[in-house]
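Numbering (our numbering), first residue to last: 1 to 919.
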């Protein structure tokens, strides 16, 4: 069980282990490597095949040196022969080596045993767009059913939720239910359906089934429920006190007299006794009337205590009712979604894990079909798990099931002589995928699980720590250690096994640099003169745009001056720079624009919404015209677009003073003016083709054929000429989306446009190398990547969002939901506090990942609004750490951000050891 650190070479460790296993005689087919991403699986496969190819062709002396470096001893002639044959063995291995993601492994398992898993043998795995489309259909179906039957459980559930949530909040809740469908399904399975889950919710909250807030309030407002005479006497006492006492007395008296309307006015009545937080007011009656009428104070205090207890019960009942409504809606949504998947024999990624678990574990840990495990057990000898900290509980169950036989006494193969191993590599400090239910606590739990099983089976157990970083310079690592040595930063990053964060640098004597720039603050806006006419355009101040300009100017200055990158022995290039942000905000767009304005090559962002790309919007506009030629505004957009390219004057001459539609005007104009004939012929030809072609054929033809804007080229070239090379990726992805659509849907153009708009498809661009351009990506997207120079510009914000639904955790076995924070009871408050703490812990782990992407240079900067940043933000943590090890340096960029400040610098000159505070 290897506990690694950033840059310690986890992939190399796994690759070397696979090579040593094969050298020792293990057949390639008996090794299973589970990785977190497809990119990681491909990287491992490429490294192994490249190494085996080199072994097959090296001279004996060179091969002997390679094998000695790998195994720690000089190889024998037999070992060299085995090494040369491994390449052919891997090539001949049926299906190739088992280096795959956990989802790919589960898919291959279910392909082998579909009937045993209760699946259609011809099942297909949906992509994210298809799943989103089916979920949208299921959601609309459920909402229509609830509206059509308002007295049904679904209708009542929808009525409660829509009464408490606005339209945007209700849409967010539906999206949350859709994204957590796997967890909801497991919840219903564990409690044997919706009714069992609802009963568990009421039991956890201490609310008897059938008890509602209204029933509790009706009972609490009855005369027998409280001391009516005592409160009336207290009102008379309050009338002799201060103005506040008098107002309180009148309010209480009015509520007491309104016997029929007490429930309706109850919230107003409660305010006289309780604070907004739900506690009793410190002063219910002032000193003078309290001294004269001591019984009044007693009556008021007793009523306040009753109301505190009562409001707790009301809030608990409200949470129970809201959670019940949510689960009812979720059950209907899941049922509709499952029905649509079964009708088309489709599975989503959650289904792969759930179905594999059901096949391997069955109920109560007893496999549904034991011989499936037998078949697997006979085919695997070694399991290797990469990025184990990102494996969620259900995925660990799959791993645990297939590894269980490894600890069941003697192996069935070779009379127990075969050594079978589990090898896991992970780093709890880099567990940042909680939205996929990864949890560092689960990593620690599985470590204890496998350790216990190994010792019980009298097998060897090795816990190995890797703290040597081959990636970063000592200066960067010193900064990382200093940051996470702070009490405010180590929570969630340090663990039981590694309470102190320490890294050792392999790159000793290499030049390193860490800089902390002063934060960019809003400029002071001068008040305009009174009654000054608005005759001049004033640029709005944007701290984020000013910081983007500083970063872009810095990179341009490096490349123009030829500043040296000491570790590489060459000048800095744009591809050496990576900019990491916590969120995709407007800053990303501003930085891309600033870099392009300065002619600095930039790779763009790592993710983009496909339907928001200009090239795709132009194609969609053309298709909307083809579906409805009478749409004048859309046709005007197409005529001005890159495929046709009419000028403003041409469009004005065509549209001004026309009679009828713009299309009819274009047809008529083309007969007299040859300048309009290419557009007329082009659009007419597309209209003639539209009804007879599937979306892919239509769009592929549009991009391949000449167009009026580029009669000697193609539509693709016209788009790229107008929009630049960045349009290439969206166009390719758009065609891929067309093919994916035609696999599952009728190939109708109208259907395709609706499907694409509903799916909100995203391009996930792989920016591992960047192609010699500046890379801009989120910290999550940078996991596993590195760069010589890293900028962290998004450091002054802290996470404030809290989950709308509080899912089961160690304190509660059921989810809880309340529409407003003020409606939450004590159990919800405790669950939310735990969720917020986990959120903040992951926020600090995200900082660890961000800091450790840098090889040589790290620049920490940030921009802020009018509000001062939290002391827990990334910037403040790095500032506190560098206050001990950094040296202030003058840093004046007032020409760009309107202020001067000092930056802190921690630098390790070439060939010198790190010195504390050295400049």
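Quick reminder that beta carbons are idealized off the backbone N, C-alpha and C, glycines included.
DSSP three-state assignment for residue i, whether helix, strand or coil
i: residue 221; result: helix
i: residue 202; result: helix
i: residue 638; result: helix
i: residue 789; result: strand
i: residue 259; result: helix
i: residue 252; result: helix
i: residue 36; result: coil
i: residue 571; result: strand
i: residue 99; result: strand
i: residue 28; result: helix
i: residue 748; result: coil
i: residue 943; result: Here the chain comprises residues numbered 1 to 919, so residue 943 is not present and cannot be evaluated.
i: residue 890; result: strand
i: residue 564; result: strand
i: residue 796; result: coil
i: residue 895; result: In this prediction, residue 895 has a pLDDT of 49, which is less than 50 and means its spatial position is unreliable; what the coordinates show is noted afterwards. Helix.
Residue i - partner residues in DSSP beta bridges
i: residue 124; result: 346
i: residue 421; result: 382
i: residue 431; result: DSSP, once it has assigned bridges, lists no residue as partnering residue 431.
i: residue 707; result: 710
i: residue 3; result: 426 and 465
i: residue 227; result: The partner list for residue 227 (beta bridge, DSSP) is empty, contrary to what the question assumes.
i: residue 817; result: 805
i: residue 627; result: Paired residues: none, contrary to the question.
i: residue 863; result: 520
Residue interval of the beta strand (DSSP E) (run including residue i)
i: residue 730; result: Taken as a continuous stretch (DSSP letters only), residue 730 belongs to no beta strand (DSSP E), being part of the alpha helix (DSSP H) at 728–744.
i: residue 859; result: 854–860
i: residue 103; result: Taken as a continuous stretch (DSSP letters only), residue 103 belongs to no beta strand (DSSP E), being part of the alpha helix (DSSP H) at 102–112.
i: residue 514; result: 512–516
i: residue 608; result: 607–609
i: residue 580; result: 577–581
i: residue 507; result: 504–507
Proximity of residue i and residue j at Cβ, strictly below 9 Å
i: residue 647; j: residue 590; result: no
i: residue 818; j: residue 318; result: yes
i: residue 707; j: residue 643; result: yes
i: residue 601; j: residue 772; result: yes
i: residue 946; j: residue 518; result: Since the first residue of the chain shown is 1 and the last is 919, residue 946 is not available in this structure.
i: residue 106; j: residue 353; result: yes
i: residue 874; j: residue 883; result: no
i: residue 855; j: residue 788; result: yes
i: residue 687; j: residue 669; result: no
i: residue 130; j: residue 758; result: no
i: residue 271; j: residue 304; result: no
i: residue 44; j: residue 35; result: yes
i: residue 588; j: residue 776; result: yes
i: residue 511; j: residue 446; result: no
i: residue 438; j: residue 491; result: no
Boundaries of the alpha helix (DSSP H) in which residue i is found, first to last residue
i: residue 774; result: That residue, residue 774, is in no alpha helix (DSSP H); its beta strand (DSSP E) goes 774–778.
i: residue 593; result: 586–597
i: residue 689; result: 677–690
i: residue 698; result: 695–704
i: residue 266; result: 266–271
i: residue 281; result: Premise fails: residue 281 is in no alpha helix (DSSP H) and is neither H nor E.
i: residue 159; result: 153–164
i: residue 87; result: 77–92
i: residue 66; result: 60–71
i: residue 832; result: 826–851
i: residue 875; result: 874–885
i: residue 543; result: 543–561
i: residue 10; result: 10–23
i: residue 179; result: 167–179
i: residue 648; result: 648–655
i: residue 669; result: 662–672
i: residue 393; result: 393–403
Any non-hydrogen atom of the ligand NAD within 8 Å of residue i CB
i: residue 290; result: Looking for the ligand NAD in the displayed structure turns up nothing, as the structure carries no ligands at all.
Runs of alpha helix (DSSP H) wholly within the stretch 457–487 (minimum 4 residues, chain order): 474–483
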